[in-house]
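Student:
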Amino acid sequence: MAAIKVDRDKCNGCGRCIKLCPFGQIKLVDRLATISPGCTMCGVCREACPARAISIVKKELHTENFLNYQGVWVYIEQQQGRIKSVSLELLNKAKELTQKLNQELAAVYLGNESSKILDQLLSLEIHKIYLVESEFLNRYTTDAYTQILVSLVNQYKPNILLIGATNTGRDLAPRVAARLQVGLTADCTDLDITKEGYLLQTRPAFGGNIMAQILCKYTRPQMATVRPNVFNKSIPSSITRSPEIVKVKAKISPWSIRTKIIEEVKEIDEVINLEEVHIIVSAGRGLNSPENLYLVRDLAKVLGAAVGGSRAIIDAGWLPHHQQVGQSGKTVAPELYIACGISGAIQHLVGMRTSKRIIAINKDPEAPIFKIATLGIVGDLFKVIPLLIEDLKRIKNE
Amino acid sequence: MRIVICIKQVPEISEVMIDEKTHTLRREGVPSIINPFDENAIEEGLRIKEKYSAELIVLTMGPPQAEEALRRCLAMGADEAILISDRVFAGSDTLATAYTLSLVIRKLNPDLIICGKQAIDGDTAQVGPELAEHLGIPQITYVKKVEIDPKENKIILHRETDQGYEIIQCRLPALITVLKVLNEPRYPGIKGMLMARKKKIKIIQAKDLEIDPTRLGADGSPTQVVHIFTPEVQSSGRIIKLEVKDSCREIIKYLQQEKII
């Protein structure tokens, strides 16, 4: 049985762990740190204890057979015949991981009519492409895609399987992990290989207030979903050797697909994928009311930018959820991010701090957004933005 | 029709701050709340119940104090509340949590399970799909509209995609995870709160379940947190406070210098 223990001889009752416990599960009883039943064994207290009095013991599990699991796989997601950016970012990072592991890099693609995707993949530096084509894979369904990906894993046994943390990836990955009974780390923002050869997965937790590093020692493949826009994209190279294509037959019975897509609705109005654009103008509570959103919309229009928003205004229903930037929305990294009336709560910063340039306009000079802004304007956005739009229009016409 | 809502009690994340000096998490006085997405799940359950006279059971796995969150669900109008609580469940990751929940839910034999999209403390969005897999039923995630066809035993859902949304039809039983835009959760009234106080919350421990002990808690959790740190916030920018005209000029200058315009 796993257990967390406080060494009575070492604990000096300093109370540091009590302050730090993210779940508020430690109390001081007779000047000794005492852990309550709600403990999740997250390990924050163990890390922080100056007396090294806290230990977490996990039962040792078997790790045999893992030598059969080789290679790093990247699940390739497409949109309108193009490989999604997140998949290219993963291929690039996975290349680095395979070099450290001295293992092969493979792309896995499930779909129908794959020639366009295949062309794009063939220009990249990968060793293998696992390709499964079927009319039943024309559109993403949880059932068909899970079935195929699980059978590929069982047959070819990858060491690591990486999937983009998109709506599709976050639907598919947990279903696959549960069927395989393996661990899965969600929404990673960094990946590395430890000295022992494990996949070290870093992800934000608690609204981005803390970063957790996670290992998955006891099950294979090691699975993670990874946020878009945290790594650079893989670019076509003039390689000498093209990847080996492994075509696998799909055995899908139509009855096993239990959900039926009746209709796909594309919302053209403002639906630009924030993860893929170069400039984003984002609105926050500082705009005071949804009627004032025209300010950010107009500014976005002159700049050829997309419109985003903070959690506060999305929760208030000013903009739809797919326009939310932040921990519970999208992670973006455009060339330019303009934050208008956004104070910069940590959960927002997590979603946009890797933007190349950040302009913040806010009347509060203490707003945390200024800490990460490359250009911070302390001022009244209701005055600055209209004048800025005017200036930009004038320059455009010159 | 029987509906099970899975909820989680979480700290109010927006009030959790980082101590500037010690770079550590400051959670003193941070209240515990029902995970906001789960409130939308309850609300949707209540609306279905009102329309089609369903039975609504709320379920959570957590420490004894999670009872408070369940009471609030009862006050909102849920019929029954179950707390899965046992020391051996401590340290469960999403896989172990989903396994444990599935043992309880299988016995309840519901037609529909509703979960929030994700919990705001862990943000994994994994327990819903992993639970559906353990139960062997279909899942539809990121749902923003729900319609029920009780005669045909079907649901019709709008599921958010990167492009817009898709309309999906599925036979019950099924599990769905829901977005905030789905509805506006109600506040429990005084009458509801008084009623909730009298209701008994069923507590389930490991011994009440036919359970595989190797799949529980920290031992049954393949993922393991090995290190925690606070993210660095770099500050490299220029902050200016000028007249409106000059502010604009600075922005334009910056955009030109960076070749954006």
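Chains as they are written, first to last, in this note's numbering: chain A, 994 to 1391; chain B, 63 to 323.
Backbone N, C-alpha and C fix where the C-beta goes; we use that ideal spot for every residue, glycine too.
Since the model is a prediction, treat every value here as computed from it, not as a measurement.
1. Using a C-beta to C-beta distance shorter than 9 Å, which residues of chain A count as neighbours of Y316 (chain B)?
2. Would the C-beta of P125 (chain B) count as close to the ligand ZN, meaning under 8 Å from any of its heavy atoms?
3. Check whether chain B comes within 9 Å of N1204 (chain A), counting only Cβ atoms and requiring the distance to be less than that.
4. Ordered along the chain, which non-local residues of its own chain (more than five positions away) have a Cβ less than 8 Å from that of L165 (chain B)?
5. Identify whether F1016 (chain A) lies in helix, strand or coil by the three-state DSSP scheme.
6. Using a Cβ-Cβ distance under 9 Å, would D1291 (chain A) count as near chain B?
7. Could you please give the first and the last residue of the uninterrupted beta strand (DSSP E) stretch that includes I230 (chain B)?
8. Can the beta-carbon of C68 (chain B) be found closer than 9 Å to that of T156 (chain B)?
9. What did DSSP end up calling F291 (chain B) once you bin it into helix, strand or coil?
10. Below 8 Å CB to CB, which residues in the same chain sit around I1186 (chain A) once its five sequence neighbours on both sides are set aside?
11. Assuming V1037 (chain A) contacts C1014 (chain A) (C-beta within less than 8 Å), just tell me the rounded distance between them.
12. So for A258 (chain B), helix, strand or coil by DSSP?
13. Taking only beta-carbon positions, decide if F1363 (chain A) is within less than 9 Å of chain B.
14. Along the chain, which unbroken stretches of the alpha helix (DSSP H) at least 4 residues long are found entirely within the segment 170-220 of chain B?
15. If G1302 (chain A) sits next to A1276 (chain A), beta carbons under 8 Å apart, how far is it from one beta carbon to the other, in whole angstroms?
16. In three-state DSSP terms, what is S1078 (chain A)?
17. Can you name, in chain order, every residue of its own chain whose Cβ lies under 8 Å from the Cβ of K1389 (chain A), other than the five neighbours on each side?
18. With 16 as the cutoff for other CB atoms within 10 Å, does R1213 (chain A) come out buried or exposed?
19. Below 8 Å on C-beta distance, what does N1390 (chain A) contact in chain B?
20. Could you tell me which of A:A1099, A:K1077 and A:W1248 sits nearest to K1109 (chain A), measuring between CA atoms?
21. Is it buried or exposed, E1257 (chain A), if we count other Cβ atoms within 10 angstroms and call 16 or more buried?
22. Can you confirm whether the segment 128-142 of chain B touches the segment 92-105 of chain B when touching is taken to mean that 3 or more C-beta pairs between the two stretches lie within less than 8 Å?
23. From the DSSP secondary-structure annotation, give me the bridge partner or partners of S1275 (chain A).
24. By a C-beta neighbour count over all protein chains shown, 10 Å radius and 16 as the cutoff for buried, is D308 (chain B) buried or exposed?
25. Within 9 Å of any Cβ in chain B, is that where the Cβ of K1210 (chain A) sits?
26. Quick check: is the beta carbon of T1139 (chain A) nearer than 9 Å to any beta carbon in chain B?
27. Taking three-plus beta-carbon pairs below 8 Å as touching, is the segment 223-238 of chain B in contact with the segment 196-208 of chain B?
28. Closest to L1288 (chain A) by CA distance: which of A:N1058, A:V1241 and A:I1331 is it?
29. Leaving out the 5 sequence neighbours to the left and right, which residues in its chain are closer than 6 Å to N1131 (chain A) when beta-carbon positions are compared?
30. Would you mind telling me which residues of chain A sit closer than 8 Å to D100 (chain B), beta carbon to beta carbon, in chain order?
31. Looking only at its own chain, which residues have a Cβ that is under 8 Å from the Cβ of P212 (chain B), when we skip the five neighbours before and after it?
32. Please report the straight-line C-alpha distance between E1263 (chain A) and R1290 (chain A), rounded to a whole angstrom.
33. Assuming E117 (chain B) and S94 (chain B) form a contact by the criterion Cβ under 8 Å, report the distance between their Cβ atoms to the nearest whole angstrom.
34. Below 8 Å on the Cβ atoms is my guess for L1124 (chain A) versus L1111 (chain A); work out the distance and round it to an integer in Å.
35. Kindly indicate which three-state DSSP category Y1211 (chain A) falls into: helix, strand or coil?
36. Taking just the CA atoms, how far does E192 (chain B) sit from I1156 (chain A)?
Tutor: By the coordinates alone:
1. Neighbours of Y316 (chain B) on chain A, chain order: R1350, I1352, T1367 and L1368.
2. The ligand ZN is absent from the structure shown, which contains no ligands of any kind.
3. Before going on, a small fix: residue 1204 (chain A) reads as Met here, not Asn. With 9 Å as the cut-off, M1204 (chain A) counts as an interface residue toward chain B.
4. So the qualifying residues of the chain are L271, E272 and I273.
5. Annotated three-state conformation of F1016 (chain A) is coil, per DSSP.
6. Contacts with chain B at 9 Å (Cβ-Cβ) do not include D1291 (chain A).
7. That run of the beta strand (DSSP E) goes G226 to R233.
8. Going by C-beta atoms, C68 (chain B) is not nearer than 9 Å to T156 (chain B).
9. Of the three classes helix, strand and coil, the one that applies to F291 (chain B) here is strand, per DSSP.
10. So the list reads L1090, K1093, L1094, L1192 and L1193, once near-sequence residues are dropped.
11. Indeed, because the Cβ distance is near 6 Å, the residues count as touching under 8 Å.
12. Helix at A258 (chain B).
13. It does: the Cβ of F1363 (chain A) has a partner Cβ on chain B nearer than 9 Å.
14. Whole alpha helix (DSSP H) segments, 4+ residues: 189-197.
15. G1302 (chain A) to A1276 (chain A), Cβ: 5 Å. Contact.
16. Of the three classes helix, strand and coil, the one that applies to S1078 (chain A) here is helix, per DSSP.
17. Hits under 8 Å: V1295.
18. Classification of R1213 (chain A): buried, given that the 10 Å Cβ count is 16 or more.
19. Neighbours of N1390 (chain A) on chain B: none; closest Cβ ~12 Å, over 8 Å.
20. Nearest to K1109 (chain A) by C-alpha distance, out of A:A1099, A:K1077 and A:W1248, is A:K1077.
21. It is exposed - the Cβ of E1257 (chain A) has fewer than 16 other Cβ atoms within 10 Å.
22. Contact between the segment 92-105 of chain B and the segment 128-142 of chain B is present: 3 or more CB-CB pairs across the two stretches fall below 8 Å.
23. BP columns for S1275 (chain A) point to A:G1301 and A:A1332.
24. By the neighbour-count criterion, in which 16 or more other beta carbons inside 10 Å mark a residue as buried, D308 (chain B) falls on the exposed side.
25. Yes, K1210 (chain A) counts as interfacial toward chain B.
26. For T1139 (chain A), the answer is yes, since a Cβ of chain B falls inside 9 Å of its Cβ.
27. Three or more pairs of CB atoms, one per stretch, sit closer than 8 Å, so the segment 223-238 of chain B contacts the segment 196-208 of chain B.
28. That would be A:I1331, whose Cα lies nearest to the Cα of L1288 (chain A).
29. These residues qualify, in order along the chain: N1105.
30. Contacts between D100 (chain B) and chain A, judged by CB atoms closer than 8 Å, are missing: the closest CB pair is about 13 Å apart.
31. Once the five neighbours on either side are set aside, the close Cβ partners of P212 (chain B) are M63 and Y114.
32. Summary for E1263 (chain A): the model assigns pLDDT 47, below 50, so the residue's position carries little reliability; its value from the coordinates is reported in the next sentence. When rounded, the separation of the alpha-carbon atoms in E1263 (chain A) and R1290 (chain A) is 10 Å.
33. Between S94 (chain B) and E117 (chain B) the Cβ distance is about 27 Å, and since that is not below 8 Å, they are no contact.
34. Their Cβ separation, rounded to whole angstroms, is 7 Å, which keeps L1124 (chain A) and L1111 (chain A) in contact under 8 Å.
35. DSSP places Y1211 (chain A) in coil when its eight states are reduced to three.
36. Distance between the alpha carbons of I1156 (chain A) and E192 (chain B) is about 16 Å.
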